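If you read the sequences in order, they're chains Y and E. Heads up: the first sequence runs through residues 193 to 949, numbered per the working numbering. Heads up: the second sequence runs through residues 3 to 144, numbered per the working numbering.
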Amino acid sequence: MINSYDANRWKRFDEWDERPLRHDQFAAEDPENGFSAFNGAADPSPGLKVENGEVTSMDGVAARDFDMIDAFIAAHHLDVDVAEEAMAIPAEQLARMLVDMNVPRAELVRLARGLTPARLAEAVAQLNAIEIAFAYSKMRARRTPGNQAHVTNAKDDPLQLAADAAVAVALGFDEIETTMRVARNSWSNALACCVGSVVGRAGTLFQCSSEEAEELEIGMAGFTSYAETVSVYGTESAFIDGDDTPWSKAWLTAAYASRGIKMRCTSGAASELLMGYHEAKSLLYLEARCLCIQRGMGSQGTQNGGIDGAPLASSIPGGVREIWAENLLAVWLDLECASGNDARHSESEMRVAAKVLPFLIGGSDLICSGFGSILKYDNSFNPSSFNGEELEEFLVLQRDFEADGGLTSIEDASALDLRRRAIDALSHVLKDLNLAAPTEIMKRSVAAASGSNDTKSFTPRDVAMISDKINRQRITVLDVIRSLHRGGFVPEAQNLLFLVKLRVSGDYLQTSAIIRDGHVISAINDPNDYTGPGTGYRLTETRRKELAAIRNVLDREEVLRREAASEPAEARAIEYSTMGPAKRGTDPHEVVVGISPGFGTKIFRTLAGLPLSKVLKALRDGIEKEGGRMRLMRIRHTADTSFLGLSAARLSGSGIGIGIQSKGTAVIHQKNRLPHNNLELFSNAPVTSLDHYHALGENAARYARGELPAPVVVLTQGEALGARFHARVALTYAIETRMTENNASPEMVEINFLGDT
Amino acid sequence: MADRPLTRNDFPLAEKFPNRVTGHRGKSLGDLTLETVLAGDVEMEDLRITPNALLQQAEIARSAGRAALAQNFERAAEMTRMPQEEIMKIYELLRPGRTRSIENLLDITQRLRFDFEAPLLAQLVEEAASTYEKRGLFTTRY
Numbered sequence: 193m194i195n196s197y198d199a200n201r202w203k204r205f206d207e208w209d210e211r212p213l214r215h216d217q218f219a220a221e222d223p224e225n226g227f228s229a230f231n232g233a234a235d236p237s238p239g240l241k242v243e244n245g246e247v248t249s250m251d252g253v254a255a256r257d258f259d260m261i262d263a264f265i266a267a268h269h270l271d272v273d274v275a276e277e278a279m280a281i282p283a284e285q286l287a288r289m290l291v292d293m294n295v296p297r298a299e300l301v302r303l304a305r306g307l308t309p310a311r312l313a314e315a316v317a318q319l320n321a322i323e324i325a326f327a328y329s330k331m332r333a334r335r336t337p338g339n340q341a342h343v344t345n346a347k348d349d350p351l352q353l354a355a356d357a358a359v360a361v362a363l364g365f366d367e368i369e370t371t372m373r374v375a376r377n378s379w380s381n382a383l384a385c386c387v388g389s390v391v392g393r394a395g396t397l398f399q400c401s402s403e404e405a406e407e408l409e410i411g412m413a414g415f416t417s418y419a420e421t422v423s424v425y426g427t428e429s430a431f432i433d434g435d436d437t438p439w440s441k442a443w444l445t446a447a448y449a450s451r452g453i454k455m456r457c458t459s460g461a462a463s464e465l466l467m468g469y470h471e472a473k474s475l476l477y478l479e480a481r482c483l484c485i486q487r488g489m490g491s492q493g494t495q496n497g498g499i500d501g502a503p504l505a506s507s508i509p510g511g512v513r514e515i516w517a518e519n520l521l522a523v524w525l526d527l528e529c530a531s532g533n534d535a536r537h538s539e540s541e542m543r544v545a546a547k548v549l550p551f552l553i554g555g556s557d558l559i560c561s562g563f564g565s566i567l568k569y570d571n572s573f574n575p576s577s578f579n580g581e582e583l584e585e586f587l588v589l590q591r592d593f594e595a596d597g598g599l600t601s602i603e604d605a606s607a608l609d610l611r612r613r614a615i616d617a618l619s620h621v622l623k624d625l626n627l628a629a630p631t632e633i634m635k636r637s638v639a640a641a642s643g644s645n646d647t648k649s650f651t652p653r654d655v656a657m658i659s660d661k662i663n664r665q666r667i668t669v670l671d672v673i674r675s676l677h678r679g680g681f682v683p684e685a686q687n688l689l690f691l692v693k694l695r696v697s698g699d700y701l702q703t704s705a706i707i708r709d710g711h712v713i714s715a716i717n718d719p720n721d722y723t724g725p726g727t728g729y730r731l732t733e734t735r736r737k738e739l740a741a742i743r744n745v746l747d748r749e750e751v752l753r754r755e756a757a758s759e760p761a762e763a764r765a766i767e768y769s770t771m772g773p774a775k776r777g778t779d780p781h782e783v784v785v786g787i788s789p790g791f792g793t794k795i796f797r798t799l800a801g802l803p804l805s806k807v808l809k810a811l812r813d814g815i816e817k818e819g820g821r822m823r824l825m826r827i828r829h830t831a832d833t834s835f836l837g838l839s840a841a842r843l844s845g846s847g848i849g850i851g852i853q854s855k856g857t858a859v860i861h862q863k864n865r866l867p868h869n870n871l872e873l874f875s876n877a878p879v880t881s882l883d884h885y886h887a888l889g890e891n892a893a894r895y896a897r898g899e900l901p902a903p904v905v906v907l908t909q910g911e912a913l914g915a916r917f918h919a920r921v922a923l924t925y926a927i928e929t930r931m932t933e934n935n936a937s938p939e940m941v942e943i944n945f946l947g948d949t
Numbered sequence: 003m004a005d006r007p008l009t010r011n012d013f014p015l016a017e018k019f020p021n022r023v024t025g026h027r028g029k030s031l032g033d034l035t036l037e038t039v040l041a042g043d044v045e046m047e048d049l050r051i052t053p054n055a056l057l058q059q060a061e062i063a064r065s066a067g068r069a070a071l072a073q074n075f076e077r078a079a080e081m082t083r084m085p086q087e088e089i090m091k092i093y094e095l096l097r098p099g100r101t102r103s104i105e106n107l108l109d110i111t112q113r114l115r116f117d118f119e120a121p122l123l124a125q126l127v128e129e130a131a132s133t134y135e136k137r138g139l140f141t142t143r144y
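What follows is the structure in structure tokens.
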């Protein structure tokens, strides 16, 4: 043991140092060096001058001095017909309009077209965190919320990709995104996820994040249906460093649409800071510029909200509020918003959950722009806020708040079937198209595996060869559809055809489009119409029940079933005989034990799992060890511990009684005390052991002798016992209270321990 | 399809006008079935969006107040006439420092106008060219 008397540090700091939180690095606010969420040293004052329909100055910069970002925003974002009216509205008033449910979304969206980046930033900066969250929920474009998954693995193993894609689809993700560990594996990843994503249901959009030209080619071969890799930056130098300009990105934006592929841009706080070109401007102002560019380019949407810069943004004071604020700007600018919550911004699970909450409870087009549906180590984008490990926590959060996070639980049994189906489908296609020949061992290892550490599947070299063949042989989605059909995977062939047909009409190119139940829904036909309580997105009763249906839910029947299972063993261990009404005792050494109505009749184990026969034996042995004598009676008018104890004490010759509920909660009482002023209480039944009950018996006998023993202490390790047990406690206790009878008098009970107990 | 400009009420086109939405070779959505795919009657060209569909989506976007999105669809409609290599070649030239002189970009605007009947794309490249010149982007980066 360390002698801590002369320590020079409070030991709590050492413990805090060990918390996951302390892996997070925090940065000081330093606006000159770009470390400011809202108030950059060089943030301009909002302003706009328009002469003869031409912008002559914007946010303090004259048109002749515009950098390429200013120039693009002035030409493509600003609507000079609205600008004069919009810019005349003070930021405070715009902020109030954003949180005013009586001001329709459409009106604010109209005004945004006439607002400069500095004014947009100034307005949302007025809002506190909860106001930003509310405004986001009101302003997002599509009414129905959705979600997006990452599907990747550390080996780029196509069999695992197919299986994991099918699981992601079953969980309800509207979009799935893959990327590779090795760039040349892109075609293999695309084929594998494409096949997996059509198992079980049609309409999950899929993207393969890779180099621009190749990504478009993969899209043109029909394997993918959307893209979100068109990055935008808020300073000219960062943009150039990113090897693009607003015009080259606008060109790409049109290119995707021209091939019928859905596309959104990407931008997020602190990317400029990471790239070393922040111009001493705040995260929010730079992001406002990014978003105005995206709207101006005619992108239908954005992946926005920190994204890869989220960890850095979150290191700055107010950084997470800023991330929420930029998401609000995105939807105010009428863009589909895949609201980040992907790159994990913290090692602290509390910080992660706190950050996602507004999007979970208020909805978002895609709540996570990459929820890791796979394990952290398999995520080729880096760990997400939520991953395969924490997926059930997200499902429970949905249930807690009755909030639609876009996901639905999957059943234990069906998950494996689904994985096998996806693996079989892809294996068939790989063989049929002469790409590879997966073995039974490979297939089986992947089906059951949680992550790639558990698989015996393709080697990285195999995958590169598969990928090269797909590319070289110019295999298209039509070849895959025909192959699936040849292998008897007819529903999958149908689903894949449905998906590629979407590109012919281009319906899913409109803002915030996803596919639900075989139909395109978007901001056009499913617009967010929130105008106060009762409007906007509301759960249907069916959906509410889906969200509630998580695994391992306890109910009364389940409690009774579990108890019934332990009844036979107890019947072999103890015999209770009712001996008629209980009388007051006269023996000064007796301790009366009052048991509850369901004790040994309906309930047979304590919350700690101890058979009640053993508990009674421990009590008796303890009492007798200290020279006392146990007398047992069943109390029938109450199941409350205090009253069980007091009733027992008042019938006890020594005036000392023990009250014990079937779940194991116990009390030592004395006849002339007030009901809740007992001698000792054992309230933590789940951690109360037989030794504790033995000691309780000893102490009761010593009180009977008039001694004052040291109270028995049941130590906890800080377990959230309420979370672990209270549902069962409430159900068990309700079973007992239902058995009570008003004015029923206690009955003497004689017990006989059977066998070797 | 309606003679009037389309509005948000005409969305989604695939459901409202399934037999009038066609791919590049004129096949309608109704012709694109598993049977025709299996029979080898469907090619990737049949799954390509047409300029017409993009212009219709532009009308819908405009009716929903999204002029910038509509303009992108209109540029995209022009781009459907361009081969993939051409699109990627021009994209490459639009990246910073890929060409030393404004002339190269202005040549492209000519080609866009006359070879591809793409005045909107030409305008976009023209605008880029003049901004790049002002901002000194015609310096090679590698």
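Virtual Cβ for every residue (Gly too), placed ideally from N, Cα, C. On a predicted model such as this, the values are computed, not experimentally measured, just so you know.
| From Leu56/E to Gly67/E, what does the alpha carbon distance come to, in whole angstroms? | Distance between the alpha carbons of Leu56/E and Gly67/E: 16 Å.
- prompt: Shortest alpha-carbon distance to Leu676/Y belongs to which of Leu383/Y, Asn225/Y and Ala254/Y?
  reply: Nearest to Leu676/Y by alpha-carbon distance, out of Leu383/Y, Asn225/Y and Ala254/Y, is Leu383/Y.
Q) Can you pull the DSSP bridge partners for Lys454/Y? A) According to DSSP, Lys454/Y bridges with Tyr418/Y.
Tell me which residues share the same chain as Thr949/Y and place their Cβ nearer than 8 Å to its Cβ, disregarding the 5 neighbours each side in the sequence. Any reading at Thr949/Y must be qualified, since the residue scores a pLDDT of 47, below 50, and its modelled position is unreliable; the value itself is stated next. Contacts found: Ala765, Ile766, Ser805, Lys806 and Lys809.
Handout entry: Check whether Thr924/Y and Thr830/Y have beta carbons under 8 Å apart
Key = The beta carbons of Thr924/Y and Thr830/Y sit no closer together than 8 Å.
Cβ closer than 7 Å: which chain E residues qualify as neighbours of Arg695/Y? Chain order gives the chain E residues near Arg695/Y as Leu49 and Ile51, where near means a beta carbon separation below 7 Å.
Taking the C-alpha atoms as reference points, what is the distance between Lys648/Y and Asp624/Y? C-alpha separation (whole angstroms): 22 Å.
| query | Name the DSSP bridge partner or partners of Ile766/Y? | reply | DSSP lists Phe945/Y as partners of Ile766/Y.
Q) Are three or more beta carbon pairs between the stretch 347–363 of chain Y and the stretch 375–390 of chain Y nearer than 8 Å? A) Touching, per the Cβ criterion.
The stretch 116–123 of chain E touching the stretch 99–107 of chain E, judged by at least three CB pairs closer than 8 Å: The stretch 116–123 of chain E, when compared against the stretch 99–107 of chain E, does not touch it at the 8 Å Cβ threshold.
*asked:* Quick check: the Cα distance between His918/Y and Asn744/Y, rounded to an integer number of angstroms?
replied: As the crow flies, the alpha-carbon of His918/Y is around 15 Å from that of Asn744/Y.
Ala280/Y, buried or exposed, once every other Cβ within 10 Å from all chains shown has been counted against 16
Looking at its Cβ environment, which holds fewer than 16 other Cβ atoms inside 10 Å, Ala280/Y is exposed.
With a threshold of 6 Å on Cβ separation, who are the neighbours of Thr427/Y within its own chain once the five nearest residues in sequence on each side are excluded?
Within the same chain, Cβ atoms closer than 6 Å to the Cβ of Thr427/Y are found at Glu464, Tyr469 and Glu471, the five residues on either side in sequence being excluded.
* Do you know offhand how far Ala462/Y's Cα is from Tyr425/Y's? -> When rounded, the distance between both Cα atoms is 10 Å.
query: Going along the chain, which residues of its own chain have a beta-carbon closer than 7 Å to the beta-carbon of Asp718/Y, five neighbours each way excluded?
result: The residues are Arg334, Arg335 and Thr336.
Is there a C-beta anywhere in chain Y that falls below 8 Å from the one on Ala124/E? Not one beta carbon of chain Y lies nearer than 8 Å to the beta carbon of Ala124/E.
Determine contact between the stretch 722–730 of chain Y and the stretch 754–765 of chain Y, defined as no fewer than three beta-carbon pairs at a distance below 8 Å. Remark: fewer than three beta-carbon pairs, one from each stretch, lie closer than 8 Å, so the stretch 722–730 of chain Y and the stretch 754–765 of chain Y are not flagged as touching.
So, with DSSP's three-state summary, where would you put Leu435/Y?
The question names Leu, yet the displayed sequence has Asp at residue 435/Y. Coil, per DSSP.
Quick check: what's the CA-CA separation for Thr668/Y versus Ala131/E? In this model, Thr668/Y and Ala131/E are separated by some 37 Å (Cα to Cα).
Buried versus exposed call for Phe13/E [16 or more other C-beta atoms within 10 Å across all chains shown]: Buried is the call here.
Where do the N-terminal and C-terminal ends of the alpha helix (DSSP H) with Glu207/Y fall, by residue? Segment Lys203 to Glu210, the alpha helix (DSSP H) holding Glu207/Y.
> From what residue to what residue does the alpha helix (DSSP H) around Arg214/Y run?
Replying inline: First-last for Arg214/Y: undefined, no H or E at that position.
Where does Lys693/Y land, buried or exposed, given buried means 16+ other C-beta within 10 angstroms?
So Lys693/Y ends up on the buried side.
- Query: Nearest CA to the CA of Pro773/Y: which residue from Asn645/Y, Leu286/Y and Arg828/Y?
  - Reply: Closest in alpha carbon position to Pro773/Y, among Asn645/Y, Leu286/Y and Arg828/Y, is Arg828/Y.
Report task. Determine whether the Cβ of Asn950/Y lies closer than 8 Å to any Cβ atom of chain E. Result -> What is shown of chain Y runs 193 to 949, which leaves residue 950/Y out entirely.
6 Å CB neighbourhood of Ala449/Y in its chain, flanking five on each side removed: The residues are Leu701.
Worksheet item: Does the distance from the CB of Lys330/Y to the CB of Tyr722/Y come in under 8 Å?
Response: The answer is yes: Cβ separation under 8 Å.
8 Å Cβ cut-off: residues of chain Y touching Ile92/E: Under the 8 Å cutoff, chain Y gives Trp443.
query: Between which two residues does the alpha helix (DSSP H) containing Leu552/Y stretch?
result: It spans Glu541 to Gly554 - the alpha helix (DSSP H) in which Leu552/Y sits, taken as one unbroken run.
Report the three-state DSSP secondary structure of Ser875/Y (helix, strand or coil).
Collapsing the DSSP output to three states places Ser875/Y in coil.
**OP:** Examine chain E for any beta-carbon lying closer than 8 Å to the beta-carbon of Asp436/Y, and answer yes or no.
**Re:** Interface residue, yes.
Open item on the list: For Ala936/Y and Pro789/Y, I'd like the C-alpha separation in whole angstroms.
Closed with: Ala936/Y and Pro789/Y: Cα-Cα distance of roughly 11 Å.
Taking just the CA atoms, how far does Gly226/Y sit from Ala315/Y?
-> Roughly 21 Å separates the two Cα atoms.
Task: Of the residues Ile716/Y, Thr908/Y, Arg823/Y and Ile658/Y, the one placed nearest Glu61/E, counting alpha carbons only - done: The option with the nearest alpha carbon to Glu61/E is Ile716/Y.
Within the stretch 866–918 of chain Y, note down every full beta strand (DSSP E) run reaching 3 residues or more, in order along the chain.
Inside the stretch 866–918 of chain Y, DSSP marks whole beta strand (DSSP E) runs of 3 or more residues at positions 872–874, from first to last along the chain.
- If contact means a Cβ-Cβ distance below 7 Å, which residues of the stretch 24–41 of chain E contact chain Y? Residues Gly25, Leu31, Leu34, Leu36, Val39 and Leu40.
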